[in-house]
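What follows is a set of notes on a single structure, which appears directly below.
Number of protein chains: 2
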Amino acid sequence: MTDNLTLEDIARLAGVSRSTVSRVINEQESVSDEVRQRVRQVISETDFRPNQAARTLVTRRTYVIGLVIPRSTSTFFADPYFPRLTMGIAEACNRANYSLSLYLFHTEEDEKRLFPRITRKGLVDGIIIQATQAADVLFTQIAKSDVPYVVAGRPLNAPNVSYVDVDNVAGAHNAVRHLIRLGRRKIAHIAGPRDTTVGLDRIEGYCKALSESGLAIDENLTAECDFTEEGGYYSARRLLAQKPDAIFVGADMMAIGAMRAVREAGLRVPKDIAIVSFDDLPPATLSNPPLTTVRQPIRRLGLKLVETLLDIIENGPTPPRRVIFDTELVIRESCGERR
Amino acid sequence: MTDNLTLEDIARLAGVSRSTVSRVINEQESVSDEVRQRVRQVISETDFRPNQAARTLVTRRTYVIGLVIPRSTSTFFADPYFPRLTMGIAEACNRANYSLSLYLFHTEEDEKRLFPRITRKGLVDGIIIQATQAADVLFTQIAKSDVPYVVAGRPLNAPNVSYVDVDNVAGAHNAVRHLIRLGRRKIAHIAGPRDTTVGLDRIEGYCKALSESGLAIDENLTAECDFTEEGGYYSARRLLAQKPDAIFVGADMMAIGAMRAVREAGLRVPKDIAIVSFDDLPPATLSNPPLTTVRQPIRRLGLKLVETLLDIIENGPTPPRRVIFDTELVIRESCGERR
DNA sequence: GTGAAAGCGCTAACAG
DNA sequence: CTGTTAGCGCTTTCAC
């Protein structure tokens, strides 16, 4: 099937002009039913599909959106969060008839070399970019080009950008309040990196809940690490020295690690140490005991990200759009009962 | 930064012709150093990047490859397998300066509507498509278009296609032999779907190992299910009635489910039931006890898939390329010691 | 309602 | 070594 058909060919076969075929393909009104039928017939017989590049060249629309995952999170593909988010984004793209280009950076060199390519014309109509520390450089670059973009998660040092995020402060606040309500008093926190808003916001919610209840905020009760299982494990080991009766962990994967450390220390969850975490991804259900955790509406996040980006593509970047989703505390067994 | 610069503009600014600028951009030799410098200067000052669509229109190259995940596997994004594979593919794309378009189908309707769009000209240079039952229809379609493609995993009913797969028969064979060597005699199997080669091949390896050792193949000792944790759980529950002393599970996620069932039945892994599974993904390490499992070189699979596709794009689809990777049995605790 | 013609921004002969 | 010219396949005025 070596078909290199063009509009011209279809036009000839249907006995009309190229313009008419174009009109039929683009579903314009001003074509007589009879001609439209004939053209459609030829198109389906020949299995003709217009060349996308040619179309893009004149319309300035690629119908592609790019999803950029900066390097520090690319290892996070080990975390189920990003695949989930990607699914949501892909679903929205499918619906809107957009293609989704995935730019998964592994190294800083990747970013330096590849990112400028992405922002060239005729490649993507807009970009969804994951907020991370490494992303900050990219923000500057992307802002200089005039490619529309939206950030997944609140960026740290980027005013006036559009983003979609969850209310991490409220989620963390709620989680810790739950522990307090259950009678826990010495609550530790395994936090995400302090150079991300995710890390920072959850710390803020944690502190807020403590303060409200008149509990002291002890620096030694907070450990900072990346979002991995390993990180959670080692952080918990360190924190255990302080003999906390509960840990609020900033992500499910870290909570799995933390529980491993607790188990190894001969302590029991939730009896000796109650645990509440953040995300509600599959590992939360499968762990033993299952995790009480703050659920993020990841799929909706993905859908909204695309919706927002398309809005920006259509109507320009100002004013910045900001969408914050609520979270929901899912109570399972790792937090135990009221004491 | 509303730049709508074209080659022509750069040419004017540098005092040369459009062709010369094009030559500089495409790194052709035949340009004097002096001119090259001046042009480069202007390009960097203006931050000019050539329009990709225009380029594609004439070169017939998009430098985009598509990754198609048919519907039945799209839920598998819950499984860490696909994210991992995607990472490998993305890494290879980055290296080769290709963009990666992700087509994640959720429904049959997605496939019907979207797939024809993908195979149009000027959108992608080639496609990597995941082998599944649902993919069979797509194979027919893609074969009709002349878009180069390669299959991830061996497809069931598609002769003459190029694919990259692991040796599932040998991997399963090896896994089951290990159980036999450890003294297990009544070995059950939780298999993947029989309408996929993954499911079928692993069953074949399982049976082969049994036969070789003179063990009877009992149909009641094999349960078939999808690749989910839930599936593994319910299959194990059923199989437990037969009182096996070992289970070879066709995927880590199913093994996690199977272990849950075993635990609930008051049995212990590996003492009462030894378990060996397939994949070696993070859940295998994190489970309790950690899983003995057949490691797949997923990242290499991804890299090879891209390499093969680029080869096909360059040199045509014939002869079909077939690459089979070896697997490796990773021994942890779920299989226990020799009895 | 339909066709002719111009042009999107680039590459690639072909001259010189 | 460099410039001129002719398209790539489509959309989009502008006539009729």
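Just so you know, the sequences run in chain order A and B. For the first sequence, this note's numbering gives the first residue as 687, with consecutive numbering after it. For the second sequence, this note's numbering gives the first residue as 687, with consecutive numbering after it. Built from N, CA and C at the ideal position, the CB exists for glycine as well. This one's a predicted model, so the numbers in the text were calculated from it and none came from an experiment.
Helix, strand or coil: how does DSSP classify residue i here?
i, result
"Tyr-767(B)", "helix"
"Tyr-784(A)", "coil"
"Glu-910(A)", "strand"
"Leu-809(A)", "coil"
"Glu-731(A)", "helix"
"Ser-897(B)", "helix"
"Glu-1014(A)", "strand"
"Arg-698(A)", "helix"
"Ile-825(B)", "First, the amino acid is wrong: residue 825(B) is Phe here, not Ile. If DSSP states are grouped into helix, strand and coil, Phe-825(B) belongs with the helices."
"His-859(B)", "helix"
"Ile-814(A)", "strand"
"Phe-964(A)", "strand"
"Thr-688(B)", "Its pLDDT being 48, under 50, Thr-688(B) is placed unreliably in this model, and the value from its coordinates should be taken loosely. In the structure shown, Thr-688(B) sits in coil (DSSP, three-state: anything other than H, G, I, E or B)."
"Ile-755(A)", "strand"
"Phe-801(A)", "helix"
"Val-833(B)", "coil"
"Leu-868(A)", "coil"
"Tyr-920(B)", "helix"
"Ile-903(A)", "coil"
"Asp-887(B)", "helix"
"Leu-790(A)", "strand"
"Gly-839(A)", "coil"
"Val-850(B)", "strand"
"Ala-820(B)", "coil"
Below 8 Å on the Cβ atoms is my contact criterion, and I expect residue i with residue j to pass it. Report the Cβ-Cβ distance as a whole number of Å.
i, j, result
"Arg-923(B)", "Pro-736(A)", "With a Cβ gap of about 54 Å, Arg-923(B) and Pro-736(A) do not count as contacting."
"Asp-938(B)", "Leu-967(B)", "5 Å"
"Ala-821(A)", "Pro-841(A)", "7 Å"
"Leu-753(B)", "Leu-786(B)", "6 Å"
"Tyr-789(A)", "Ile-775(A)", "Incorrect: roughly 13 Å between the Cβ atoms, too far for contact."
"Gly-918(B)", "Arg-888(B)", "Incorrect: roughly 14 Å between the Cβ atoms, too far for contact."
"Ile-696(B)", "Val-725(B)", "7 Å"
"Leu-926(B)", "Ala-947(B)", "7 Å"
"Gly-857(A)", "Thr-1013(A)", "4 Å"
"Ile-814(B)", "Leu-995(B)", "6 Å"
"Ser-831(A)", "Ile-998(A)", "That pair is no contact at about 14 Å."
"Arg-757(A)", "Phe-791(A)", "5 Å"
"Met-945(B)", "Val-955(B)", "6 Å"
"Val-728(A)", "Leu-693(A)", "In fact, because the Cβ distance is near 11 Å, the residues do not count as touching under 8 Å."
Buried or exposed: residue i, going by 16 or more other Cβ atoms within 10 Å of its Cβ?
i, result
"Thr-748(A)", "buried"
"Ile-903(B)", "exposed"
"Lys-929(B)", "exposed"
"Gln-982(B)", "buried"
"Asp-912(B)", "buried"
"Thr-943(B)", "It should be noted that the sequence gives Gly, not Thr, for residue 943(B). So Gly-943(B) counts as buried."
"Val-717(A)", "buried"
"Pro-1005(B)", "exposed"
"Met-687(A)", "The predicted position of Met-687(A) is uncertain, since its pLDDT is 40 and thus under 50; a value taken from the coordinates is nonetheless stated next. Met-687(A) comes out exposed."
"Ser-703(A)", "exposed"
"Lys-990(B)", "buried"
"Ala-782(B)", "exposed"
"Val-962(B)", "buried"
"Ile-811(A)", "The sequence shown places Asp at residue 811(A), rather than the Ile named in the question. Asp-811(A) comes out buried."
"Ser-705(A)", "exposed"
"Pro-834(B)", "buried"
"Thr-882(A)", "buried"
"Gln-723(A)", "exposed"
May I ask you to list, following chain order, the residues of the region 927-944 of chain A that have a beta carbon less than 7 Å from some beta carbon of chain B? Within the region 927-944 of chain A, the qualifying residues are Ile-942.
Contact set between the region 849-883 of chain A and chain B, restricted to residues whose Cβ is under 7 Å from the partner: Within the region 849-883 of chain A, no residue qualifies.
Please give me, in chain order, every unbroken run of the alpha helix (DSSP H) with length at least 4 that falls completely inside the region 700-724 of chain A. Within the region 700-724 of chain A, complete alpha helix (DSSP H) segments of at least 4 residues are found at 704-711, given in chain order.
Residues of the region 795-808 of chain B whose Cβ lies closer than 9 Å to any Cβ of chain A, in chain order: Within the region 795-808 of chain B, the residues whose Cβ lies closer than 9 Å to some Cβ of chain A are Asp-796, Arg-799, Leu-800, Pro-802, Arg-803, Ile-804, Thr-805, Arg-806, Lys-807 and Gly-808, listed in chain order.
Which of the residues in the region 735-751 of chain B, read from start to end, lie with their CB under 8 Å from any CB of chain A? Cβ contacts with chain A: Arg-735, Pro-736, Asn-737, Gln-738, Ala-739, Ala-740, Arg-741, Thr-742, Leu-743, Thr-748 and Val-750.
Which residues, in order along the region 762-773 of chain B, keep a beta-carbon less than 8 Å from a beta-carbon of chain A? Interface annotation for the region 762-773 of chain B against chain A: Phe-763, Ala-764, Pro-766, Phe-768, Pro-769, Arg-770, Thr-772 and Met-773, criterion Cβ-Cβ distance under 8 Å.
Given a limit of 7 Å on CB to CB distance, which residues of the region 944-972 of chain A reach chain B? Correct list: Pro-968 and Leu-972.
Within 8 Å of chain B by C-beta, residues of the region 774-794 of chain A in sequence order: Those residues of the region 774-794 of chain A that come within reach of chain B (Cβ to Cβ, closer than 8 Å) are Ala-776, Glu-777, Asn-780, Asn-783, Ser-785, Leu-786, Ser-787, Leu-788, Tyr-789, Leu-790, Phe-791 and His-792.
If you scan the region 936-995 of chain A from start to end, which runs of the beta strand (DSSP E) of 3 or more residues do you find wholly inside it? As summarised for the region 936-995 of chain A, the continuous beta strand (DSSP E) elements at least 3 residues long and confined to that stretch are 960-965 and 978-981, given in chain order.
Listed in chain order, which residues of the region 911-927 of chain B have Cβ atoms closer than 9 Å to some Cβ of chain A? If the cut-off is 9 Å between Cβ atoms, the region 911-927 of chain B has Glu-915 near chain A.
Taking only beta carbons into account, state which residues of the region 998-1020 of chain A come closer than 9 Å to chain B, listed in chain order. For the region 998-1020 of chain A, the beta-carbon criterion of a distance under 9 Å to any beta-carbon of chain B is satisfied by none of its residues.
Contact list for the region 703-729 of chain B against chain A, Cβ threshold 7 Å: Answer set for the region 703-729 of chain B: empty.
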